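Colleague: Under my numbering, the residues of the sequence shown are numbered 134 to 642, in order. Encoded as structure tokens, here's the structure I'll be asking about.
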Amino acid sequence: MEETKVLSNAPMKQKKRLNNAQRDNLAGLAFVSPWIIGFLVFGAFPMIYSLFLSFNKVTISADGILTDWIGIGNYQTAFTTDRTMIQALLSFLKESLIMVFIINVFAVLFAVILNGNIKGRGFFRTIFFLPVVIVSGPVMSELVDKNVIVMSTIGDFGIVNLIGTTLGATVSNFIVRTFQNLVYMFWFSGVQLIVYLTVLQKLDKSMYEASQMDGASVWEQFWKITLPSLKTAIFINLVYTFILLATFDNNGVINVIKNCMFDTQIGKGFGFSSALAWLYFLALAIIIAILFLIFFGKFRKKEKKYGSIEGYFTTTKRYDLQPNFFNSTPKGKKIKRIVLGRNLSDGIIVKIFTYVLLGVMSFAFLYPFIYMLLISLQSPDDVLNPSVNLIPTKLYFQNFVKAFKTIGFFKALGQSVLYALVPTLLQVASTSLVGYGLAKFKFKGKKAVFGLIIASFIIPSQILMIPTYVTYSKLGLLGSILTFALPATFAQGLKNAIFILLFYEFFIM
């Protein structure tokens with residue numbers, strides 16, 4: 134009894150509780166663990182093996198992949214003997230940086246417009262996102278070859294000749310190339326527009342109301358509230374746009390890498406193309422690192438922090454309006470309010486301009502689809518008739534009948550849906566977990582995980598083809614839906630980094 138009493142009086146050993154940092158660490162690692170496991174199983178070996186091949190002369194024969202170590206020979210060739218990729222890289226960087234800027238300016242502008250009181254917002258948003266669904270290498274190549282999304286005749290306008298005479302041929306050629314590819318660039322803006330619009334819809338409306346009470350104009354609200362709130366989204370979209378252009382099939386650098394893969398000439402082949410791919414990866418990584426330093430680096434200009442929105446705009450320098458009919462008389466103010474609106478954003482003129490702009494851009498986005506539809510309805514006689522440009526003389530539906538019979542459409546569609554839908558659902562589920570973990574928790578190795586996610590996105594997929602095939606073959610995944618479903622389960626499906634970044638941006642707000 135005494136012993137029992139002694140034991141009962143003994144102090145209870147308390148369980149050690151985790152502090153907030155430890156809980157965040159465990160929770161963050163738990164959420165990103167699918168990606169870490171998937172990367173170790175499906176991603177690490179292809180990347181390392183591709184790097185190994187870049188230091189070898191590679192021969193693919195009936196006996197398998199034969200390697201002969203040559204050190205940095207492939208890299209020396211890329212900089213000295215065969216500089217085709219280096220020249221293509223410089224050309225790509227010069228054009229892509231301009232395209233990245235224009236695409237994101239367009240996306241921000243139309244996200245702000247669609248975030249307003251616009252009727253048919255869902256309709257316009259669908260139209261602007263539609264190219265994302267069908268943009269692929271073959272489709273884009275066909276549309277470009279037919280000058281459907283390229284305004285090839287822009288150079289014939291007199292204003293271009295005037296600019297060339299005034300500012301020189303270099304500036305004129307730059308303007309011509311930019312406007313020729315304007316629709317082409319807009320077609321890449323669908324995802325970015327949706328991201329910006331999502332962020333804008335989640336902003337606290339009270340900030341705009343308070344600034345309006347302080348006397349802020351729409352222009353000041355854009356620069357002081359809207360744009361700073363989009364900072365993280367802008368960075369993510371700049372990176373996304375740059376990598377999207379860098380890995381697109383029509384990219385000149387990608388074409389050089391692909392052409393070298395199976396080139397039988399001396400000094401070429403898979404080893405040389407691997408070296409080119411890693412040089413390309415390094416160049417892209419440097420650009421992204423520069424973007425990161427610009428947005429989040431220590432050397433950037435220190436931002437002013439305000440405890441509240443009150444007084445933020447009253448300190449802004451303004452120009453006093455000179456008294457006139459429209460701002461000093463009741464009748465003039467009423468006319469101004471009707472025409473321009475209370476805040477220069479909801480008047481008749483503004484609405485007309487907005488809907489005309491949306492209508493013109495919607496047609497520019499829809500025209501390639503209209504073109505493809507009308508071409509598909511042309512008969513063989515219309516195709517051979519030079520007088521028939523686009524509109525068929527009669528609707529010829531036999532093209533669709535032949536397509537159904539030739540490819541076994543419904544059977545092929547069923548397989549495509551199965552092989553696309555299941556991995557897509559699995560990837561959405563897994564990448565949403567990873568994006569949530571990166572957005573909501575601070576944990577050890579977070580920056581490393583972020584870096585590896587970006588790195589896996591940058592490396593051209595073509596160069597990982599053989600290493601990935603070897604990996605999947607050893608795992609016994611070839612020839613079944615598991616080839617796509619299993620990597621997607623662990624956030625390693627096609628373009629997984631895009632999904633993760635989009636979910637990260639959504640959850641971080």
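Every residue gets a Cβ at the ideal spot worked out from N, C-alpha and C, and that includes glycine. In this text the structure is predicted, and so the values were computed from the model without any measurement.
1) Going by DSSP, what residue range makes up the alpha helix (DSSP H) through Lys-190?
2) Pairs of beta-carbons, one from the region 613 to 629 and one from the region 546 to 563, closer than 8 Å: are there three or more?
3) Looking at the structure shown, is Thr-604 part of a helix, part of a strand, or coil, going by DSSP?
4) Considering only C-alpha positions, which residue in the set Met-318, Leu-409 and Ile-599 is nearest to Gly-206?
5) Which complete beta strand (DSSP E) runs does the region 607 to 634 hold, if anything under 3 residues is left out?
6) For Asn-522, decide whether its Cβ has a neighbour in chain B, counting only Cβ atoms nearer than 8 Å.
7) Can you list, in chain order, the residues of its chain with a C-beta nearer than 6 Å to that of Val-241? Leave out the 5 residues immediately preceding and following it.
8) Of all the beta strand (DSSP E) runs that stay within the bounds of the region 196 to 243, which reach a length of 3 or more residues?
9) Which residue wins for smallest C-alpha separation from Lys-607, given the options Gln-155, Ile-170, Trp-168 and Phe-175?
10) Use the C-beta contact count for Leu-151: other C-beta atoms within 10 angstroms, 16 or more gives buried, fewer gives exposed.
11) Let's test the definition: count the other Cβ atoms within 10 Å of the Cβ of Gly-500 and tell me whether it reaches 16, buried, or not, exposed.
12) Under 8 Å between the Cβ atoms of Tyr-637 and Gly-568?
13) Please identify the residue among Ala-195, Ser-187, Ala-630 and Ser-229 whose C-alpha is closest to the C-alpha of Ile-420.
14) Please tell me whether Ile-358 and Met-340 are closer than 8 Å, where the distance is taken between their beta carbons.
15) Give me the Cα-Cα distance between Leu-222 and Ile-387, rounded to the nearest whole angstrom.
16) Apart from the five residues on each side of it in sequence, which residues of its chain come closer than 7 Å, Cβ to Cβ, to Ile-260?
17) Taking all protein chains shown into account, decide if Tyr-602 is buried (16 or more other Cβ within 10 angstroms of its Cβ) or exposed.
18) If I measure Cβ to Cβ from Pro-600 and keep anything under 7 Å in the same chain, skipping five residues before and after, which residues do I get?
19) Is it a yes or a no for the region 320 to 334 touching the region 237 to 252, going by three-plus beta-carbon pairs under 8 Å?
20) For Thr-217, tell me which candidate among Leu-615, Glu-353 and Phe-405 has the shortest Cα-Cα distance.
21) Let me make sure I understand the geometry here. Which of Asp-515, Ser-187 and Gly-171 has the alpha-carbon closest to that of Gly-204?
22) Please identify the residue among Leu-371, Trp-356 and Ala-349 whose C-alpha is closest to the C-alpha of Val-324.
23) CB-CB under 6 Å to Asn-153, same chain, minus the five flanking residues each way: which ones, in chain order?
24) Less than 8 Å between the CB atoms is what I'm expecting for Ile-369 and Leu-571, so what's the real figure, rounded?
25) Have a look at Phe-632 and Val-516 and give me their C-alpha separation to the nearest angstrom.
26) Once you ignore the five residues that flank Lys-467 on each side, which residues in its own chain have a CB closer than 6 Å to its CB?
27) Taking the Cβ atom as the reference point for each residue, do Ile-376 and Ile-596 lie within a distance shorter than 8 Å?
28) Out of Phe-381, Ile-481 and Lys-338, state which residue places its alpha-carbon closest to the alpha-carbon of Tyr-317.
29) If I'm right that Val-472 touches Ile-481 with Cβ under 8 Å, what's the distance once you round it to whole angstroms?
30) Any heavy atom of the ligand MG closer than 7 Å to the beta-carbon of Asp-215?
31) Between the C-alpha atoms of Ala-588 and Trp-411, what's the straight-line distance to the nearest angstrom?
32) Evaluate Phe-530 with the Cβ neighbour count: other Cβ atoms within 10 Å of its Cβ, from every protein chain shown; 16 or more gives buried, anything less gives exposed.
33) For the alpha helix (DSSP H) containing Thr-374, name the first residue and the last one.
34) Mind checking Leu-363: buried by the 16 CB within 10 Å criterion, or exposed?
Modeller: According to the structure shown:
1) First-last for Lys-190: 189 to 194, but that is the beta strand (DSSP E), not the alpha helix (DSSP H).
2) yes
3) helix
4) Leu-409
5) none
6) The structure shown contains no chain B; it is built from a single protein chain.
7) Tyr-329
8) 197 to 202
9) Phe-175
10) exposed
11) Reading the sequence as shown, one finds Tyr at residue 500 and not Gly. Classification for Tyr-500: exposed.
12) yes
13) Ser-229
14) yes
15) 9 Å
16) Ser-495, Phe-498 and Leu-499
17) exposed
18) Phe-178, Pro-179, Tyr-182 and Ser-183
19) yes
20) Phe-405
21) Ser-187
22) Leu-371
23) none
24) That belief does not hold up - the Cβ atoms of Ile-369 and Leu-571 are roughly 12 Å apart, past 8 Å.
25) 41 Å
26) none
27) no
28) Phe-381
29) 6 Å
30) As for the ligand MG, it is missing from this structure, which has no ligand bound.
31) 11 Å
32) exposed
33) 364 to 379
34) buried
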